[in-house]
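**Q**
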DNA sequence: GTATGCTTTCGGC
DNA sequence: TTACGGCCGAAAGCATAC
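Numbering (my numbering), first residue to last: 759 to 1124.
#1: Where does residue 776 land, buried or exposed, given buried means 16+ other C-beta within 10 angstroms?
#2: Tell me, which residues are paired with residue 1056 by DSSP?
#3: Between residue 884 and the rest of its own chain, which residues show a CB-CB distance below 6 Å, the 5 nearest in sequence each way excluded?
#4: So the candidates are 1054, 1014, 1003; which of them puts its Cα closest to the Cα of residue 1043?
#5: Confirm, please, whether the CB-CB distance from residue 1051 to residue 1063 is below 7 Å.
#6: At 3 residues or longer, and completely inside the segment 1018 to 1087: list those beta strand (DSSP E) runs for me, N to C.
#7: Starting from residue 871, trace the beta strand (DSSP E) both ways and give me its first and last residue.
#8: What do you reckon, are the CB atoms on residue 968 and residue 943 nearer than 7 Å?
#9: If we ignore side chains and look at the alpha-carbon of each, how far apart do residue 1001 and residue 1011 end up?
#10: Closer than 6 Å by C-beta to residue 770: which residues in its own chain qualify, once you throw out the five before and the five after it? Chain order, please.
#11: Leaving aside the five residues before and after residue 1083 along the sequence, list all residues of the same chain whose C-beta is less than 6 Å from its C-beta, in chain order.
#12: Judging by CA-CA distance, which residue of 950, 799, 1101 is the nearest neighbour of residue 826?
#13: Could you tell me which residues DSSP pairs with residue 837 in its beta bridges?
#14: Among 972, 938, 980, which has the Cα closest to the Cα of residue 954?
#15: Which runs of the alpha helix (DSSP H) spanning at least 4 residues fall entirely within the segment 932 to 979, listed in chain order?
#16: Expressed to the nearest angstrom, what Euclidean distance is found between the alpha-carbon atoms of residue 1056 and residue 818?
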């Protein structure tokens, strides 16, 4: 039986949530921004609605530049409210669970799902379910989304991309080659600029061309694991399954400093609250960590990190404080660059002894 | 040579 | 003219062990 896999993407999520909350925004360019607090307008655009995009404003753009693009266009410039979007997202994901066999949230505004068992591999049934899902989200949250259905994660994700904004794209197994073949390789999940330029050298620009490349050649150029993935993905045969309840693998906190500095102490002091926040995240997830990392982002926006791994998992606040302070010292000694932002990350997470993580509590493994 | 594990960097959203 | 977040997961790069 062919697999039936879906990918759902909430359209321009943060900005759409703001539009729903304040209907007077619709028709106007809307940008949802992260203000760093440095100067009045320093920070970047997190999400732009389609009206704002028409004028050239987009995510990742400095706020001041986006304002310039939107001058005279009556823009709404809104401060990002992560908690609010988190709440909406959680409600939607919880609602989705009852429509599908397995749900795998992928970030705040996306999810993969599996419908193989419940449809018996019937793509017509899957189409009806997908439409019901879209209607249900629109009814309960007044939000639109884009959905793709196909035989693998890569195909499903390409489908939802194609359907943007607001559409549904179903790619039944026998239509997969004609759907994939003309797609430019850089549209494939996992294929960035670096892979694209290597493929270009090999004379490969489309997924159809990729599917004809010899496996051995792809493995030689990209290594076994990624080479195999590229080969499989090019025909919609990438085999990753939809996995529910993925555990978090890291927690981090980054701040923009009050002023640029070369002094590691000065950076570290401004991270004190962030470190406590990470510690509380660990506690509420009942997780311990093995690796702690100091993150420096410099005035030229380049990044440097320094990390330390403990032999056994730890979870106490003082350990994070002391080890990250030491790592910032090392980082400071390793470069002449001037710090603009600083962060701390813990990774290598495991369940804290004698406690049960929230997801395990909700979905016991046995 | 291959597997494994750790550190650092990259890239998506 | 310039302008520039805060997360996350995973790849890349390297060292070591077998």
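Backbone N, C-alpha and C fix where the C-beta goes; we use that ideal spot for every residue, glycine too.
**A** Reading it off the structure:
#1: As a first step, residue 776 is located in the first chain; it is residue number 18 there, counting from the start. Per the 10 Å Cβ criterion, buried.
#2: Here residue 1056 is taken as the residue at index 298 of the first chain, counted from 1. The partner list for residue 1056 (beta bridge, DSSP) reads 1097.
#3: As a position in the first chain, residue 884 is number 126, starting the count at 1. Once the five neighbours on either side are set aside, the close Cβ partners of residue 884 are 762, 873, 877, 907.
#4: Taking the first chain and counting its residues from 1, the one referred to as residue 1043 is at position 285. Selected option, being the one with the closest Cα: 1003.
#5: As a working mapping, residue 1063 is identified with position 305 in the first chain. As a working mapping, residue 1051 is identified with position 293 in the first chain. Contact flag set, yes.
#6: 1045 to 1056, 1061 to 1072
#7: One-based indexing of the first chain puts residue 871 at position 113. Its beta strand (DSSP E) spans residues 868 to 872.
#8: Against the first chain, residue 968 aligns to sequence position 210. Against the first chain, residue 943 aligns to sequence position 185. Going by C-beta atoms, residue 968 is nearer than 7 Å to residue 943.
#9: By 1-based counting over the first chain, the position of residue 1001 is 243. By 1-based counting over the first chain, the position of residue 1011 is 253. Computed Cα separation, rounded: 26 Å.
#10: Along the first chain, read from residue 1 onward, the residue named residue 770 stands at position 12. Around residue 770: 805, 807.
#11: Translated into the one-based positions of the first chain, residue 1083 becomes position 325. Around residue 1083: 1026.
#12: Within the first chain, numbered from 1, the residue matching residue 826 stands at position 68. Closest option to residue 826, Cα to Cα, is 799.
#13: If you number the first chain from 1, residue 837 lands on position 79. DSSP, once it has assigned bridges, lists 791 as partnering residue 837.
#14: Counting from 1 along the first chain, the entry for residue 954 is found at position 196. Of the candidates 972, 938, 980, the one whose C-alpha sits nearest the C-alpha of residue 954 is 980.
#15: 934 to 938, 951 to 959, 965 to 970
#16: The residue you call residue 1056 lines up with position 298 of the first chain. The residue you call residue 818 lines up with position 60 of the first chain. For residue 1056 and residue 818, the distance between alpha carbons rounds to 17 Å.
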